[in-house]
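To start, the structure itself, in structure tokens.
In this note's numbering, the protein residues as written are 11 to 526.
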């Protein structure tokens with residue numbers, strides 16, 4: 011049943027995400043063409059600022075979700091009701107905090123921008139971003155419960171239907187009115203309707219959620235949540251500093267135009283990596299169920315199977331990103347003036363690979379509730395990242411921000427997370443995991459440069475891509491895309507076609523994806 015639920019969650023998430031990415035691409039293009047790239051930079055900056063405010067959540071959401079796996083597996087509705095009532099109170103409080111504190115930062119928001127652009131109502135736009143961020147906390151506990159029941163596909167379908175409608179309607183409105191305030195205001199209304207609808211779905215599917223329990227939280231559950239939350243506070247601080255400060259550093263030292271250029275790359279890289287990450291979102295509840303119902307040998311075997319899938323998906327994705335990002339942005343989408351050098355592109359992609367390859371150990375570690383044992387890791391990671399990024403950005407620009415993030419990752423979480431999982435979760439050495447991780451890293455590096463070499467060769471053979479969005483440019487990009495798909499997957503198949511993990515992956519694809 012776990013495999014069936016995971017497969018259904020992942021398939022639907024992937025299908026909906028493809029449509030969502032296409033819609034986001036259209037929306038961003040409309041903003042750049044109708045307004046300017048500074049608006050894209052503004053969006054990235056404000057999103058990062060609000061990510062900093064999300065620290066108020068303290069990581070309690072993940073701690074509560076972990077506490078739900080056992081009661082859900084055992085069908086303990088009374089305990090579920092108590093936990094969910096507590097969850098609701100906490101998240102409403104967090105939403106109010108973000109709304110009030112976020113709005114209080116309005117007068118000083120412009121100090122985060124080097125050379126404030128001539129964007130009217132910039133403070134009003136920021137307040138709208140605050141409202142948009144705060145609103146999700148008032149409703150998200152219902153969606154979280156659906157996900158904890160291994161029914162993430164229900165939330166995905168609901169969210170993406172509203173997201174797609176929002177992108178289409180708001181883009182048309184922006185083209186007609188050229189008014190960014192109306193664009194933002196309509197987005198807030200649609201997000202509200204999206205959250206109300208998932209609440210109605212959850213109440214219908216799980217009627218007992220409508221019951222507000224007046225019982226006290228069982229002491230053992232409260233202590234478990236308290237301990238995990240204490241550890242998650244540090245994880246939350248670390249992840250926010252590492253992932254939510256890039257745009258702020260770039261904005262402060264390089265300006266909004268640089269943020270806009272970086273945001274274009276980030277939109278494309280995150281679109282593809284988010285597609286892969288839907289896999290881990292889809293299986294997280296099933297891994298949680300596995301962790302409370304199977305022995306260590308079964309868990310470790312599953313870990314290596316998922317790690318191989320993780321590696322294959324991220325290697326294929328990053329090969330495509332490294333080889334095709336500049337041809338796409340420069341020749342198909344926006345033009346050469348919106349592109350970075352290949353060194354910066356490689357750093358962007360390598361950063362994504364390192365982050366992506368953490369997902370397997372991270373998913374198992376979280377499913378086993380091992381937050382406490384690496385509670386200080388995010389602080390070390392964030393301090394290294396912040397200090398190095400601020401130093402390097404002054405000398406080598408955006409590349410310096412990427413290098414800071416990469417070094418912080420390599421020196422902390424890349425090895426600490428699997429160490430914690432094996433020492434405290436599996437209670438054995440992580441030596442085999444480390445050997446496999448290093449092997450995968452070497453194969454990845456060879457694969458990305460093979461794909462880049464092939465794309466460069468194609469470009470030379472055709473005598474360049476020609477004019478922006480010309481038939482020749484589109485044809486050259488299409489050939490590069492095909493070769494990248496063939497070379498990356500063919501190279502991996504050649505190396506791993508006889509391995510047990512590849513056979514398992516092939517079997518899953520045939521039975522659960524292709525239904526053969």
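A virtual CB, placed ideally from N, CA and C, is assigned to each residue, including glycine.
Item: With 16 other Cβ atoms within 10 Å as the buried cut-off, status of residue 503; Value: exposed
Item: Proximity test, residue 479 beta-carbon vs the ligand GDP heavy atom, cut-off 7 Å; Value: As presented, the structure is devoid of all ligands, the ligand GDP included, so that no description of it is given.
Item: Length of the line joining the Cα atoms of residue 492 and residue 345; Value: 22 Å
Item: Residue 398 vs residue 359 beta-carbon contact at 8 Å; Value: no
Item: Boundaries of the alpha helix (DSSP H) in which residue 259 is found, first to last residue; Value: 256–264
Item: Residue 39 versus residue 271 - alpha carbon distance; Value: 12 Å
Item: Residue 409 versus residue 173: straight-line alpha-carbon distance, rounded; Value: 32 Å
Item: Assigned exposure category for residue 233 - 16 Cβ within 10 Å defines buried; Value: exposed
Item: Runs of alpha helix (DSSP H) lying entirely within the segment 172–228, each at least 4 residues, in chain order; Value: 190–215
Item: Range covered by the alpha helix (DSSP H) that runs through residue 466; Value: 441–471
Item: Reference residue 334, options 110, 508 and 494, closest by Cα; Value: 494
Item: 8 Å contact criterion, which residue 176 and residue 195 should meet: CB distance rounded; Value: Going by Cβ atoms, the distance from residue 176 to residue 195 rounds to 12 Å, so no, they are not a contact pair.
Item: Proximity winner among 170, 459, 87 and 50, relative to residue 33 (alpha-carbon distances); Value: 170
Item: Short Cβ contact (8 Å threshold) for residue 497 with residue 461; Value: yes
Item: Secondary structure of residue 305, DSSP reduced to three states; Value: coil
Item: Beta-carbon proximity list for residue 35, same chain, < 7 Å, skipping 5 on both sides; Value: none
Item: C-beta contact flag for residue 205 and residue 145 at 8 Å; Value: yes
Item: Residues of its chain near residue 29, where Cβ-Cβ distance is below 7 Å and the 5 sequence neighbours each way are ignored; Value: 170 and 174
Item: Assigned exposure category for residue 256 - 16 Cβ within 10 Å defines buried; Value: buried
Item: Nearest-angstrom Cβ-Cβ length linking residue 310 and residue 436, presumed shorter than 8 Å; Value: 6 Å
Item: Cα-Cα separation between residue 339 and residue 183, rounded to whole angstroms; Value: 25 Å
Item: Inter-residue spacing [alpha-carbon to alpha-carbon] between residue 356 and residue 203; Value: 40 Å
Item: Reference residue 168, options 208, 101, 156 and 180, closest by Cα; Value: 208
Item: Start and end residues, alpha helix (DSSP H) containing residue 404; Value: 387–406
Item: Minimum C-alpha distance to residue 434 - residue among 456, 384 and 149; Value: 384
Item: Cα-Cα separation, residue 380 to residue 430; Value: 8 Å
Item: Coil, strand or helix - residue 159 by DSSP; Value: coil
Item: Local conformation of residue 170 per DSSP, three classes; Value: helix
Item: C-beta atoms of residue 440 and residue 432 nearer than 8 Å; Value: yes
Item: For residue 388 and residue 416, the rounded distance between their alpha carbons; Value: 14 Å
Item: Outcome for residue 239 when other beta-carbon atoms lying within 10 angstroms are tallied against a minimum of 16; Value: buried
Item: Nearest-angstrom Cβ-Cβ length linking residue 458 and residue 364, presumed shorter than 8 Å; Value: Rounded, the Cβ-Cβ distance is 13 Å, inconsistent with contact.
Item: Given residue 372 as reference, the closest of 313, 81, 454 and 348 once Cα atoms are compared; Value: 313
Item: Under the three-state DSSP convention, the category residue 117 falls into; Value: helix
Item: Collapsed DSSP secondary structure at residue 87 in the structure displayed; Value: helix
Item: Within 8 Å, strictly: CB atoms of residue 362 and residue 283; Value: yes
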